[in-house]
Amino acid sequence: MKKIIVFAMALMLVACSNSSDSSKASDDKVSIVTTSFIGYDIATQVAGDKATVDNILPWGSELHDFEPTAKNMTAVNEADLFIYLSVDLESWVESSSENDNALNLSKSYTLEEHEHEDEEVEEDEHDHASLHFWSDPTTYIQLIEATEERLTSIDPDNKEYYEERAEAYIDEIEALHEEFNEYTHSLTDPTIYFSGHSAMDAFAERYHLTITSLSDEYRPDADLTAQQIETLTNEIESSGSHYLFTEELVEPRVAKQIQSSLKEKNYELTILELHSYHNISKEQSEEGITYADLLRQNIDNIKQALGN
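Shown next as structure tokens:
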């Protein structure tokens, strides 16, 4: 009798152990490491609660100046999925760019056809692409699709979950794109003025929007001359526009300088933000701000500047 009881207890222990192991396996999540808000946004929107997503770029910091730590690189190499923008923008990723777990977003899309000045731009392999390719929402949609496909290959058991979340996010961005595309095509030479570095060329090209900026340099710390500032000030005044855009996460020092200069002439100027999606603040990350939210904000601000 004692042998039977001992044997039964042993079976129970084995069963409990197997149950515990099974529970742990079901709780395992895909580990994703990203290098930017762009990768982080796409990963979190598609993966939902099936993955842990670690963005190694600190919130509120400058994308172009980031240098990874040894701990960052360990996380990159050990992740199930490593999402980065491009080697051109993030030269430090080169050593990990060919890893099996790496997804290069700059190689994950083709430029969609669109008409520009009565000429059709054919789909190509990035002949018209820019360093800041993600600012075109039609490109962003392709980045979502590429991420969903990679996640599905890593975690096929959750294929339908990833597909549904990707489709829902794509629908949200697609609706914003179609509405704004129709709006800008109804205008003749829509032009806005920007007091920062030029980082929205893909966005401007998509919507046939002219963004007159202070500098063609993509770096926010590019040197600006007094002549550049004076030229932009005169262009704003000559155009009759009363709006000036500035980039995110930086003190709009130059924009305020232009605003003050024009105010001396009794010319009112309102400063608005044109977000290029490089990064968001810590507070915005806690609020769950998404690319779609920022796209909607950009659209609303541009409409305000164009008087609609």
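With mature numbering (1 follows the signal peptide of the UniProt record, and there is no 0) applied, the sequence shown covers -25 to -1, 1 to 283. Beta carbons are placed, not taken as given, at the ideal position from N, Cα and C, and that holds for glycine. Please read all numbers here as calculations on a predicted model, not as lab measurements.
Closest by C-alpha distance to residue 110, when choosing among 252, 239, 278 and 256: Selected option, being the one with the closest Cα: 252.
So, at 6 angstroms on beta carbons, what are the nonlocal neighbours of residue 99 in its own chain, with the 5 sequence-adjacent residues on each side left out? Per-residue confidence for residue 99 stands at a pLDDT of 46, beneath the threshold of 50, marking its modelled position as unreliable; the derived number appears in the next sentence. Hits under 6 angstroms: 86.
According to DSSP, simplified to helix, strand and coil, what is residue 96? Since pLDDT at residue 96 reaches only 45, below the 50 mark, its modelled position is unreliable, and the value read off the structure follows with that caveat. Reduced to three states, the DSSP call for residue 96 is strand.
What does the alpha-carbon distance come out to for the pair residue 190 and residue 78? Straight-line Cα distance between these residues: approximately 31 angstroms.
On the CB-based measure, 16 or more other CB atoms within 10 Å of its CB, does residue 265 come out buried or exposed? Buried, because 16 or more other Cβ atoms sit within 10 Å of the Cβ of residue 265.
Measure the C-alpha to C-alpha separation of residue 233 and residue 243 and round it to an integer number of angstroms. For the pair residue 233 and residue 243, the Cα-to-Cα distance works out to about 10 angstroms.
Would you kindly work out how many angstroms separate the C-alpha atoms of residue 268 and residue 262, rounded to a whole number? When only Cα atoms are considered, residue 268 and residue 262 end up about 11 angstroms apart.
Smallest Cα separation from residue 259: which of 224, 217 and 4? Closest by alpha carbon: 224.
Is the separation between the beta-carbon of residue 56 and that of residue 119 shorter than 8 angstroms? No, the Cβ-Cβ distance between residue 56 and residue 119 is not below 8 angstroms.
Cutoff 7 angstroms; reference residue 46; Cβ partners in own chain excluding five residues on either side: So the list is empty, once near-sequence residues are dropped.
Pull up the distance between the alpha-carbon of residue 29 and that of residue 117, whole angstroms please. When rounded, the distance between both Cα atoms is 22 angstroms.
Distance check for residue 23 and residue 289, CA to CA, integer angstroms please. Here the chain comprises residues numbered -25 to 283, so residue 289 is not present and cannot be evaluated.
As assigned by DSSP and simplified to three states, the class of residue 136: If DSSP states are grouped into helix, strand and coil, residue 136 belongs with the helices.
Looking at the structure shown, is residue 41 part of a helix, part of a strand, or coil, going by DSSP? DSSP places residue 41 in coil when its eight states are reduced to three.
Between 34, 32, 17 and 33, which lies nearest to residue 26 when the distance is taken from Cα to Cα? The option with the nearest alpha carbon to residue 26 is 17.
DSSP three-state assignment for residue 160, whether helix, strand or coil: Three-state DSSP puts residue 160 in a helix.
How far does the alpha helix (DSSP H) with residue 121 in it extend, from its first residue to its last? Residue 121 -> alpha helix (DSSP H) spans 112 to 129.
Once DSSP output is grouped into helix, strand and coil, what is the label at residue 85? Coil, per DSSP.
Can you tell me whether residue 33 is buried or exposed, with buried defined as 16 or more other CB within 10 angstroms of its CB? Residue 33 is exposed by the Cβ-count criterion.
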